[in-house]
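Asker: My numbering numbers the first residue of the sequence shown as 170 and each following residue consecutively. For glycine and all other residues, C-beta sits at the position ideal for the given N, C-alpha and C. Following this message is one structure expressed as structure tokens.
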Amino acid sequence: MDIEGEFAPATAAAARERYAALGSTAQVVVREVAKAMAMDADEYDRRVTNGVIETARDALFASLLEVRVGSRAEYESWLAEEGYDETAVEEVGSEHVDNVVWHAAPTGAVVAATFQDERRAAVETLRRQAFGRVYRDLVAGSGSDGADADDGTGTDSADE
């Protein structure tokens, strides 16, 4: 069994804190991508909405999540050792393939996806699913309304 990723929040508060902290990083990433696309200030103001910044923050958060990757036997053994029952697990994919990628959320839920060969794709898909199924609601109100997003004026809208 392998572990990939940097962030395994132990509590909902830790998840919210990390999500909130990624707001400024998301702004910088979007701003730099817009520059690379040669967007002028008017186009940036028109196209880069708070929703765009929020989407970048969501993707950054998901990309950092720690996931475990292993065989089905390793996965089932881990579930038993950790004391998870079937009701806590959301598994997608086929039970007839050899490998599983999974994430244990601070809510007590486990999100898992099965795969045969495409490990990288499975890891990235699982991270997005974990964000959508667990963390989106968990971090709601952690700056995810875009109130601290760049409004394109060069000032921080939260300071206005």
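The alpha helix (DSSP H) with R215 in it runs from where to where?
Answerer: Working through the sequence shown from its first residue, we reach residue 215 at position 46. Residues 210-216.
Asker: Are the CB atoms of V199 and A231 nearer to each other than 8 Å?
Answerer: Position 30 of the sequence shown, counted from the first residue, corresponds to residue 199. Position 62 of the sequence shown, counted from the first residue, corresponds to residue 231. It is not a contact, given that the beta carbons lie outside the stated cut-off.
Asker: For the stretch 276-304, list the alpha helix (DSSP H) runs that are entirely contained and at least 4 residues long, ordered along the chain.
Answerer: 288-299
Asker: With DSSP as the reference, identify every bridge partner of R234, one or two as the case may be.
Answerer: Taking the sequence shown and counting its residues from 1, one reaches residue 234 at position 65. The displayed chain sequence assigns Leu, not Arg, to residue 234. For L234, which the question treats as bridged, DSSP gives the partners F176.
Asker: Helix or strand or just coil, what does DSSP make of D171?
Answerer: One-based indexing of the sequence shown puts residue 171 at position 2. In the structure shown, D171 sits in a strand (DSSP, three-state: E or B).
Asker: Which residue or residues does DSSP assign as beta-bridge partners of S263?
Answerer: The residue labelled residue 263 in the question sits at position 94 within the sequence shown. DSSP, once it has assigned bridges, lists no residue as partnering S263.
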